[in-house]
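2 protein chains.
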Amino acid sequence: MRIEGTSDNESNMSEAAQTDPLVLFMPSGKRGRFPVGTPVLDAARKLGVYVESVCGGRATCGRCQIEVQEGSFAKHKIVSSLAHISEKGPKEERYEKVRGLPEGRRLSCSALILGDLVVDVPQDTVVNAQVVRKAASDRVIERNAAVQLCYVEVDEPDMHKPLGDLDRLKVMLEKDWGWKDLLIAPYLIPQVQQILRKGNWGVTAAIHRDMDSSRPFIIGLWPGLKNEAYGIACDIGSTTIAMHLVSLLSGRIVASSGTSNPQIRFGEDLMSRVSYVMMNPDGREAMTKAVREAVNGLIGKVCEEGGVDRHDVLDMVFVANPIMHHLFLGIDPTELGQAPFALAVSGALQYWANDIDIDVNRGGRVYLLPCIAGHVGADAAGATLSEGPYRQDQMMLLVDVGTNAEIVLGNKARVVAASSPTGPAFEGAEISSGQRAAPGAIERVRIDPETLEPRFRVIGVEQWSNEEGFAEEAAKVGVTGICGSAIIEVVAEMYLSGIISEDGVVDGAMAAKSPRIIPNGRTFSYLLHDGEQRITVTQNDIRAIQLAKAALYAGIKLLMEKQGVDHVDTIRFAGAFGSFIDPKYAMVLGLIPDCDLSEVKAVGNAAGTGALMALLNRGHRREIEQVVGRIEKIETALEGNFQQLFVDAMAMPNKVDAFPNLATVVTLPERKVVSDDGGEGGGRRRRRSRE
Amino acid sequence: MRIEGTSDNESNMSEAAQTDPLVLFMPSGKRGRFPVGTPVLDAARKLGVYVESVCGGRATCGRCQIEVQEGSFAKHKIVSSLAHISEKGPKEERYEKVRGLPEGRRLSCSALILGDLVVDVPQDTVVNAQVVRKAASDRVIERNAAVQLCYVEVDEPDMHKPLGDLDRLKVMLEKDWGWKDLLIAPYLIPQVQQILRKGNWGVTAAIHRDMDSSRPFIIGLWPGLKNEAYGIACDIGSTTIAMHLVSLLSGRIVASSGTSNPQIRFGEDLMSRVSYVMMNPDGREAMTKAVREAVNGLIGKVCEEGGVDRHDVLDMVFVANPIMHHLFLGIDPTELGQAPFALAVSGALQYWANDIDIDVNRGGRVYLLPCIAGHVGADAAGATLSEGPYRQDQMMLLVDVGTNAEIVLGNKARVVAASSPTGPAFEGAEISSGQRAAPGAIERVRIDPETLEPRFRVIGVEQWSNEEGFAEEAAKVGVTGICGSAIIEVVAEMYLSGIISEDGVVDGAMAAKSPRIIPNGRTFSYLLHDGEQRITVTQNDIRAIQLAKAALYAGIKLLMEKQGVDHVDTIRFAGAFGSFIDPKYAMVLGLIPDCDLSEVKAVGNAAGTGALMALLNRGHRREIEQVVGRIEKIETALEGNFQQLFVDAMAMPNKVDAFPNLATVVTLPERKVVSDDGGEGGGRRRRRSRE
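Quick mapping for you: the protein sequence lines, in order, are chains G and F. All residue numbers for the first sequence refer to the numbering used here, where the first residue is 1 and numbers rise by one. All residue numbers for the second sequence refer to the numbering used here, where the first residue is 1001 and numbers rise by one.
As structure tokens, then:
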């Protein structure tokens, strides 16, 4: 066998090799010459092409399916034909009869190479775009799962060679599959004897090859052929726990679901949960129990949905923010509530699922991504893995907006990270008419700059508020409040239409122009909707949004200063919030720095996608462990100029920063200073010239 | 620094090195030159001389004590003087004041080299001769325990470098002690934070460097300096569980004790326990529970005796015969009760103590030596490690006599092993007047070949039965039966005095000569003692002993044939039985082959000694794992000539084998055939010439 490069220099080849058939695997493009009669699976293995196989070439598991592409591939100088692969033999025919083979599919363990071939390895690993929101494209995660199923036939006991049952099993796993120095999960030791006999000496072992101990482990053992194993990727958020159930053999997402984090009953936000631990002697234990129960419940839910026995779940990857991470592991999070925000543990961790009361297979393993810093958790590490700023040359800004915004900025050369205390305003809390995204919530807002009249969309209603039939439909769900995405839009539109100044003050003078500008004590509000519920945007609401967006922007700016850049090339919004807001409005409001709008993308639960990547490919675990080790962590509170950056960022979009890209798509208002406290913000503009 | 050989060729040394002081460490003899001012501990480390240290050179643990030997050591060309070592500094003086230092002892971490020195490293590791019976000599086990205590001072948390508490602990353990890629016992993860703060960032970590996973593990963590750690070596016998409690830091045996194996209530011998498992659905579980409880109880006992908190036990080594081994681990032993006697597992195993319900430190580890074969267990492996036939050129026979005799024969070149079903006769069972070794039991017997009158000793009585004062003393304890060692002696003496023939038949004709030969149905008995209890040796007793010794001898012969030898150089009797029998009588009876009597030694609980070696030196674990892999196992039942060897061995000492060494110290009777079944044994003698 000779492995060829992609370049076509076949001149160096020996006569013998020249006559061997050439096989090209797609989509990897790996190619090589193999003697006539070589099984396609062997050729794939030798070239390092990933083809699953559980039965080890016995044509019983059906996992090693491939397809031959017929035709003349001029570029590769290959004429591939079905005549160049052997007919189905009796084993493969038996498999087809019993289990069925899709049209065109062959078992690569049984199909022999007879001539030049282009072989397609079907990719069942596309991540479902609806599950993991990807603005860009569906993603193919190269598979290299930590768990592999290996069927072996073990020698029967022999008095002359009194090796134990387990020891003979290990011998065969080394002989057939190459596993050296195998260890075994202790719980299995008393079962080996019976499982071997029940399987009539044919058994399937689940090998975990990514144990923190470096040596491969037998974590599961079944009599006969076991042809399916599952994994779980889970993001434990403060509010929501999200989970994917995945086939470790095909890479297919079997089910995805989410549930509320039951810790909410101990405190809505992270800090109130830390307080609960500090105030209640059993608080930590109760919250650990609650989140583990919720995870177990959610495992039950995804398994039921996918028709999977939870005991077939063998590997799990978790991401979480630092406080959730600690509580999940039974670690007191009190230290995270105060400076210096010391993590009890920051590195990646592994457990037996059973060690932390997670009910899956008794030998199931748990991997947790590393935390980046006290407020930049394993979830941020997951998002970083998913979006990969460190894999590219462009300067990428990755923000995950929640109660704490986690911010990562970088490229191949250098990555910096920080968190910024945005507070819950973006989630609709602290906003007078704020509410969670649910039917009845206003989700989109436009304001006519001439008339100052609004039009809006409500969740659960097809029409905009100015369209025919809206009133009828809206009556069914009600118009009950403003959700996070609409808060951004309404404040941005208020700014664009001149209702508020760049400093965020509602201009009382506009009351003369529109009855929607209404006095509210010493300040003014904007009346967005006057129905059963009167929905206004108050001066306080605007201040809350300003504080939140200024915190986020100042954090971003701090990282940009660390990187020595005055703009970013691309922006990724992770998290649910990012999926619903319009990047343009986020920029008008100055949540994010100026950027080509086509380079601003929402990437959904990127943390969960990162967990999924680490689940399906253990190489990604090493990758993120190394990357996190390299990320420079910035503690915003310790940076001398954070306060100034924050104050500048209170203005819309910003007191000092220009937004040239934004200006090409939106006409930003003339600067207009309307102060509610007599202050005059323009003075700070001079700061820029000093820098 | 220059490490010198033991030869004195200093001619090659450079000028600089020549002027450096020469330091010689005893008893290892390792030597080297070090610059003036080098701490003695550093010199030891560089030479690979084992000196314990927990505090890492802070002069607080006191573990690194050494003594300077004063005088002129002509052989080594060293004049060693107390003037060649620095005076005690303030740290060492503080230690001496607080904790005390024995006269002449110095802390090697603080004492600096000023001139040539001969340094004695005190060996506290001598295995107590009374605990581990060693006919030969006390043994020094070179120390290399799996667990090491390491004190470190960890950096306080820093917002700028947000590494977790655990991660900073690892950094310091690598920096100060060189531990790379450390893992941690999961149970500790939630505790790290608090322990670090409680110790004001100074903590002692217990590092286990012999995990089966290959990577070192933090298994324990204490605030401040933790200066003691213990280990347990345990032999789980069918009848008795024996245990040593050892300081892992000094190697000192703190306490030794034993307890009955409570499984006795399920069956006296191994096979009856296997039957119990087969007959009772919960039998395996009940026996596992019983033995684990007994082990836990015994741990409590040795810890109480040694004044040690059981939670300070961090490492344990177990040996056991295969059935005890399986039951202890919760493995069904049924397969061991029938051919092919399949072990569920034969290799060495490791566990968290907690995994198998052993109550020591939560991070305590358990190591089990490998089993050699279905009837040659980890106990035989322990005895093999202790006596080391594979370490020497002589052909060594190692026998552990119990209900099953475990036999190992070999030398450097090759080791073979087998078990032989001797039955319980040697332990006094199946013998009419047999009893366990206890006060009142006859333990020594001599018979006058002229008068056939016996004299004997009774356990608990100083005098021999023919000495003055015996009757008085014996009245206090009674004369209640014959223990194992005396059974050997009385039968051997009966043979030497002509009462029985070489075929073991009591010669009725002798009744004319002595009233002690008394008829008993169709056979005759020998009246050993006629007191409150009438103690006789019946024809059946002799048959039982013959069957037992023939089984043992035939097994030995089989191994000798495999090795192609007709004699052995040295014999080791392991086990309690071996400690009490007189090798001469064992040879007269033909339990063991002919050998120079000075080369026959009882070695006590060699299995336990092997466990102790594996506890104190992890190198011995690798050693025995490799050796067991090389040992050739012989299944006696499968060997065609076992039956013939067995029949030959029924005779005393043997029908066909000569005992030239024995003949030099004992006058063996003329061959005399007295058959009770008309057979004539002499015919078989011809077999020898055929071989």
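Just so you know, even glycine gets a beta-carbon here, dropped at the ideal spot from N, CA and C.
Item	Value
Please confirm if S346 (chain G) has its CB atom under 7 Å from at least one CB of chain F.	yes
Measuring straight from C-alpha to C-alpha, what distance separates Q1643 (chain F) and C64 (chain G)?	55 Å
Is there contact between the region 526 to 545 of chain G and the region 427 to 446 of chain G, where contact requires at least three CB pairs shorter than 8 Å?	yes
Is it right to say K1476 (chain F) is buried, meaning 16 or more other beta carbons lie within 10 angstroms of its own, or is it exposed?	exposed
Using a Cβ cut-off of 7 Å (strictly closer), state whether D355 (chain G) contacts chain F.	yes
Under the assumption that I592 (chain G) contacts I556 (chain G) (Cβ atoms under 8 Å), give the Cβ distance between them as a whole number of angstroms.	7 Å
Could one say the Cβ of N1128 (chain F) lies closer than 7 Å to chain G's Cβ atoms, at least one of them?	Only weak support is given to the placement of N1128 (chain F): the predicted model assigns it a pLDDT of 31, under 50, and the value that follows is read from those uncertain coordinates. For N1128 (chain F), the answer is no, since every Cβ of chain G falls outside 7 Å of its Cβ.
Can you give, in chain order, each stretch of the alpha helix (DSSP H) that sits fully within the region 1564 to 1600 of chain F and has at least 4 residues?	1575 to 1580, 1583 to 1589
List in chain order: all unbroken alpha helix (DSSP H) runs of 4+ residues lying wholly within the region 1185 to 1216 of chain F.	1192 to 1198
Within this structure, are the beta carbons of G1629 (chain F) and P162 (chain G) separated by less than 7 Å?	no
Counting only Cβ pairs nearer than 9 Å, list the residues of chain G close to P1162 (chain F).	P340, F341, A342, L343, S346, C371, I372, A373, G374, H375, V376, K633, E635
Counting only beta-carbon separations shorter than 7 Å, does G1717 (chain F) have a partner in chain G?	Because chain F spans 1001 through 1691 in this model, residue 1717 (chain F) falls outside it and cannot be assessed.
Can you find a C-beta in chain G that's less than 7 Å from the C-beta of V1627 (chain F)?	no
Quick one, which residues of the region 162 to 190 of chain G are near chain F if we go by CB-CB under 7 Å, in chain order?	P162, L163, G164, D165, L166, D167, L183, P186, I189, P190
What does the alpha-carbon distance come out to for the pair K77 (chain G) and Y230 (chain G)?	40 Å
Beta-carbon of Q1069 (chain F) versus every beta-carbon of chain G: anything under 7 Å?	no
Any beta carbon from chain G within less than 7 Å of Y1351 (chain F)'s own beta carbon?	yes
Hey, does V192 (chain G) have any beta-carbon neighbour from chain F nearer than 7 Å?	yes
When the distance is taken between beta carbons, is V246 (chain G) closer than 7 Å to I253 (chain G)?	yes
Looking at the structure shown, is L559 (chain G) part of a helix, part of a strand, or coil, going by DSSP?	helix
Could you run through the region 200 to 232 of chain G and flag, in chain order, every residue whose CB is less than 9 Å away from some CB of chain F?	M211, D212, S213, S214, R215, F217
Please state if the CB of I447 (chain G) and the CB of S497 (chain G) are separated by a distance shorter than 7 Å.	yes
Is the beta carbon of E70 (chain G) sitting closer than 7 Å to the one on S81 (chain G)?	yes
DSSP puts L397 (chain G) in a beta bridge; with which residues?	G:L409, G:I571
Counting only beta-carbon separations shorter than 7 Å, does P21 (chain G) have a partner in chain F?	no
Could you check which residue in G:Q191, G:V147, G:V308 has the C-alpha nearest to that of L166 (chain G)?	G:Q191
Rounding to the nearest angstrom, what Cα-Cα distance links G29 (chain G) and F328 (chain G) in this structure?	43 Å
Closer than 6 Å by C-beta to I1581 (chain F): which residues in its own chain qualify, once you throw out the five before and the five after it? Chain order, please.	S1485, I1488
Write down the C-beta distance between A294 (chain G) and N261 (chain G) rounded to the nearest angstrom, noting that I regard them as a contact closer than 8 Å.	6 Å
Exposed or buried, what is H325 (chain G) when buried is set at 16 or more other beta-carbons lying within 10 Å of its beta-carbon?	buried
Please list the terminal residues of the continuous alpha helix (DSSP H) segment that includes R31 (chain G).	It is not in any alpha helix (DSSP H) - R31 (chain G) instead sits in the beta strand (DSSP E) that spans 31 to 33.
Have a look at the DSSP bridge pairing and note the partners of E1067 (chain F).	F:R1105, F:D1120
Per DSSP, what kind of secondary structure is Q463 (chain G) in: helix, strand or coil?	coil
Show which residues of chain G have a CB atom less than 9 Å away from the CB atom of M1159 (chain F).	A339, P340, F341, A342, A373, G374, K633, E635, A637, L638
How far does the beta strand (DSSP E) with D1315 (chain F) in it reach, from first residue to last?	1313 to 1320
Between the Cα of F341 (chain G) and those of G:F318, G:Y390, G:V479, G:V274, spot the shortest distance and give me the residue it belongs to.	G:V274
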